[in-house]
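Positions -19 to -1, 1 to 145 (mature numbering (1 follows the signal peptide of the UniProt record, and there is no 0)) are the ones given, in order, by the sequence shown.
A virtual CB, placed ideally from N, CA and C, is assigned to each residue, including glycine.
Heads up: the structure comes next, in structure tokens.
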Amino acid sequence: MDHLLLLMMLLLCSSGLQAEGEHNSTEPGVRLVGRESRCAGDLELEHEGEWRPVEGYFSLWTLKAAGVACRELDCGSAVSVGEREESSYRPVWWIRSDCVQSGSALRECARSGSSENILTLTCSGKPISDIICDIISDIICDIICDIICDIICDICDIICDIIN
């Protein structure tokens, strides 16, 4: 029974990791830039063939709306949302947070505009599936070590019995 449970957990975790490795975001033209982590920075959107930052002042983004972008980036959930002010106006994409929260794709909610305020996001950086797999992996490693040690001890006992 323990072996069956172990096998099921290994298959579940490895299939989840494979699926994540092959994950294609429904929004390939979304990114966070300007920080050390790929899961934090200025939100940028490629729309109509052009990369632009997302406006951050009048959009009134909530953590719930920011979470949509974080999930699209496979970066877990939103930890913080804010704005960064630039020295001059530049082309931006205006995205209403209520549009995103309604289930529409970021591109469907984008409108061309100009602003000096850029939306900044910090995501948790790790999808919940990775966290779960990490925990399961730790448990599985402990179980495997116990099983292997038991098998090795059994083999040693058999060898000692044969020798004696």
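Annotation for R92: the continuous beta strand (DSSP E) segment containing it runs A91 to C104.
Annotation: R65 is outside any alpha helix (DSSP H); the continuous beta strand (DSSP E) that includes it extends over A59 to I76.
Here R92 is near W75, since their CB atoms are less than 8 Å apart.
E29 and R12 have their C-alpha atoms some 15 Å from each other. Annotation: the continuous beta strand (DSSP E) that includes A21 extends over A21 to H28. A straight-line Cα-Cα distance of about 7 Å links D79 and A46. With 16 or more other Cβ atoms from the protein chains shown falling within 10 Å of its own Cβ, W42 counts as buried. Look at the beta carbons and you see the stretch 46 to 66 not touching the stretch 127 to 144: under three pairs across the two are nearer than 8 Å. If you compare the alpha carbons of I129, E97 and G84 with that of E53, the shortest gap goes to G84. Pairing N98 with E25 gives a Cβ-Cβ distance that is not under 8 Å. For L44, the uninterrupted alpha helix (DSSP H) segment begins and ends at L44 to E53.
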